[in-house]
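Engineer: In the working numbering, the protein residues as written are 1 to 328.
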């Protein structure tokens with residue numbers, strides 16, 4: 001993977017780049033079957049699979065906490081990278097559910113138990129947040145602000161759903177995933193430029209309304225938007241990275257809905273690629289879904305080090321972000 005840095009050579013004078021060196025994931029212990037998810041609405045498991053692809057999902061139950069899952073995912077990624085927590089310079093947590101108002105951010109709480117010396121901050125771009133955070137980590141490593149950045153996606157979406165709302169209660173789940181991003185020589189660059197977009201004029205299709213505490217979604221509108229728009233941004237990410245769809249070996253989109261994933265893959269001509277479908281067993285875990293899906297592929301032996309992967313996050317905002325990366 002190669003790309004031009006354009007007209008800013010002075011900013012790249014250190015000849016640094018960034019790559020992913022470790023991946024980890026953690027899932028709640030409670031498994032909820034598709035049949036149990038839809039039974040209150042008079043539906044059955046095949047109905048859920050047909051519309052979403054979901055066969056089961058996982059949610060946090062006490063005494064388990066989101067912080068514990070985030071720490072587990074982070075430590076697994078560090079172990080995979082052969083690094084110790086003390087070597088982490090910065091912790092970025094992509095989350096829209098993990099830092100309730102009035103509490104310390106999830107990133108700060110994670111730093112406290114993992115790497116108290118590290119700078120820590122949250123990134124909230126909802127379901128596309130992990131790609132936004134990954135691009136921020138790449139910039140930090142490339143520009144010399146940090147040598148090792150821990151990027152975590154962690155969500156407790158079950159805390160944001162109304163159990164009697166069919167449109168959200170059967171979809172959203174909990175979990176955490178993490179990448180370790182390390183500075184490297186430009187010859188080893190493993191994270192391509194991010195392509196992104198947002199459409200603030202349509203925030204009402206997926207939002208928590210004023211005075212409410214639970215998420216509301218206009219599912220059909222979100223579905224059509226994702227199918228119509230995400231592939232355009234993903235194609236731009238490939239162009240920025242200087243690769244074609246034929247060179248992409250793994251496609252890891254946000255795990256929102258299996259029908260959306262299939263439609264985007266077709267539009268990108270990725271029939272030859274390994275496509276992540278972790279939504280089937282994990283549901284929609286928002287900003288955690290991409291690193292969790294990569295972790296699931298790796299645990300099954302479905303990916304190999306060095307493969308080119310296209311990541312694409314999309315969701316509330318409405319926001320999209322995509323980049324090409326080389327898997328560790």
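C-beta atoms are modelled at their ideal positions from N, C-alpha and C, and glycine is treated no differently. Fair warning: this is a prediction, and the values are worked out from it, not measured in the lab.
1) Does the segment 126-133 come within contact of the segment 107-114, defined as at least 3 CB pairs closer than 8 angstroms?
2) DSSP three-state label for residue 36, please.
3) Quick one: residues in its chain with C-beta nearer than 6 angstroms to the C-beta of residue 307, no 5 flanking neighbours on either side, listed in chain order?
4) Can you name the residues that DSSP bridges to residue 217?
5) Taking the Cβ atom as the reference point for each residue, do residue 235 and residue 26 lie within a distance shorter than 7 angstroms?
6) So, helix, strand or coil for residue 212, using DSSP?
7) Return helix, strand or coil for residue 253, following the three-state DSSP convention.
8) Where do the ends of the alpha helix (DSSP H) carrying residue 151 lie?
9) DSSP has residue 92 in a bridge; who is on the other side?
10) Taking 7 angstroms as the threshold (C-beta atoms), are residue 148 and residue 88 in contact?
11) Name the two residues that bound the continuous beta strand (DSSP E) containing residue 131.
12) Is the beta carbon of residue 186 less than 7 angstroms from the beta carbon of residue 15?
13) Considering only residues of the same chain and omitting the five flanking positions on each side of residue 156, which have a CB-CB separation below 7 angstroms?
14) I'd like the span of the alpha helix (DSSP H) that includes residue 261, first residue to last.
15) Evaluate residue 117 with the Cβ neighbour count: other Cβ atoms within 10 Å of its Cβ, from every protein chain shown; 16 or more gives buried, anything less gives exposed.
16) Using C-beta distances below 7 angstroms, list every residue in its chain close to residue 192, excluding the 5 sequence neighbours before and after it, in chain order.
17) Check whether the segment 295-305 and the segment 163-172 touch, using three or more Cβ-Cβ pairs below 8 angstroms as the test.
18) Can you grab the Cα-Cα spacing for the pair residue 314 / residue 44, in whole Å?
19) Considering residue 309, what are the terminal residues of the alpha helix (DSSP H) in which it resides?
20) First and last residue of the beta strand (DSSP E) that includes residue 323?
21) Do the CB positions of residue 77 and residue 227 come within less than 7 angstroms of each other?
22) By the three-class DSSP mapping on this structure, what secondary structure does residue 164 have?
23) Where residue 39 and residue 56 are concerned, what is the direct C-alpha to C-alpha distance, given to the nearest angstrom?
24) Would you grab the beta carbon distance between residue 62 and residue 152 for me? Rounded to a whole angstrom, and I think it's under 8 angstroms.
25) Please give the ranges of any beta strand (DSSP E) in the segment 42-123, keeping only runs that are unbroken, at least 3 residues long and fully inside the region.
26) What does residue 185 pair with, by DSSP beta-bridge criteria?
27) Measure the C-alpha to C-alpha separation of residue 33 and residue 64 and round it to an integer number of angstroms.
28) Could you check which residue in 171, 85 and 123 has the C-alpha nearest to that of residue 114?
29) Considering only the alpha carbon of each residue, which of 188, 218, 122 and 102 lies closest to residue 20?
30) Within the same chain, show all residues whose beta-carbon is closer than 7 angstroms to that of residue 159, passing over the 5 residues directly before and after it, in chain order.
31) Along the beta strand (DSSP E) that carries residue 198, what are the first and last residues, could you check?
32) Would you report the Cα separation of residue 271 and residue 258, rounded to the nearest angstrom?
Structural biologist: With the structure as the only source:
1) With a cut-off of 8 angstroms, the segment 107-114 and the segment 126-133 do not count as touching, because too few Cβ pairs lie within range.
2) For residue 36, the secondary structure class from DSSP, reduced to helix, strand or coil, is helix.
3) Here the set comprises 249, 250 and 327.
4) DSSP lists 206 as partners of residue 217.
5) No, the Cβ-Cβ distance between residue 235 and residue 26 is not below 7 angstroms.
6) Annotated three-state conformation of residue 212 is coil, per DSSP.
7) In the structure shown, residue 253 adopts extended strand secondary structure according to DSSP, grouped into three states.
8) Note, residue 151: premise wrong, no alpha helix (DSSP H); beta strand (DSSP E) at 148-156.
9) Looking at the DSSP assignment, residue 92 forms a beta bridge with 121 and 151.
10) Taking 7 angstroms as the cut-off, the beta carbon of residue 88 is found closer than this to the beta carbon of residue 148.
11) Counting along the chain, residue 131 falls outside any beta strand (DSSP E), though it belongs to the alpha helix (DSSP H) covering 129-143.
12) A Cβ-Cβ contact shorter than 7 angstroms links residue 186 with residue 15.
13) Annotation for residue 156: 60, 66, 97, 98 and 174 place their beta carbon closer than 7 angstroms to its own, counting only its chain and skipping 5 residues before and after.
14) It spans 258-267 - the alpha helix (DSSP H) in which residue 261 sits, taken as one unbroken run.
15) So residue 117 ends up on the exposed side.
16) Once the five neighbours on either side are set aside, the close Cβ partners of residue 192 are 1, 3, 237, 240, 241, 323, 324 and 325.
17) The answer is no - the segment 163-172 does not touch the segment 295-305, with fewer than three Cβ pairs under 8 angstroms.
18) Between residue 314 and residue 44, the C-alpha separation is close to 28 angstroms.
19) DSSP places residue 309 outside any alpha helix (DSSP H); the residue lies instead in the beta strand (DSSP E), whose first and last residues are 308-315.
20) For residue 323, the enclosing beta strand (DSSP E) stretches over residues 319-326.
21) Their beta carbons are not under 7 angstroms apart, which means residue 77 does not touch residue 227 by this criterion.
22) In the three-state scheme derived from DSSP, where H, G and I count as helix and E and B as strand, residue 164 is classed as coil.
23) One alpha carbon belongs to residue 39, the other to residue 56, and they sit about 13 angstroms apart.
24) About 22 angstroms separates the CB atoms of residue 62 and residue 152; that is not less than 8 angstroms, and the two are not in contact.
25) Taken in chain order, the complete beta strand (DSSP E) segments of 3 or more residues contained in the segment 42-123 are 56-59, 90-94 and 119-123.
26) Answer is 16.
27) So the two alpha carbons sit approximately 19 angstroms from each other.
28) Distances from the alpha-carbon of residue 114 to those of 171, 85 and 123 put 85 closest.
29) Residue 20 has its Cα closest to that of 188, out of 188, 218, 122 and 102.
30) Closer than 7 angstroms at the Cβ level, and outside the excluded window around residue 159, lie 97.
31) According to the DSSP assignment, residue 198 belongs to the beta strand (DSSP E) that extends over 195-198.
32) Inter-residue distance for residue 271 and residue 258 is about 15 angstroms (C-alpha atoms, whole angstroms).
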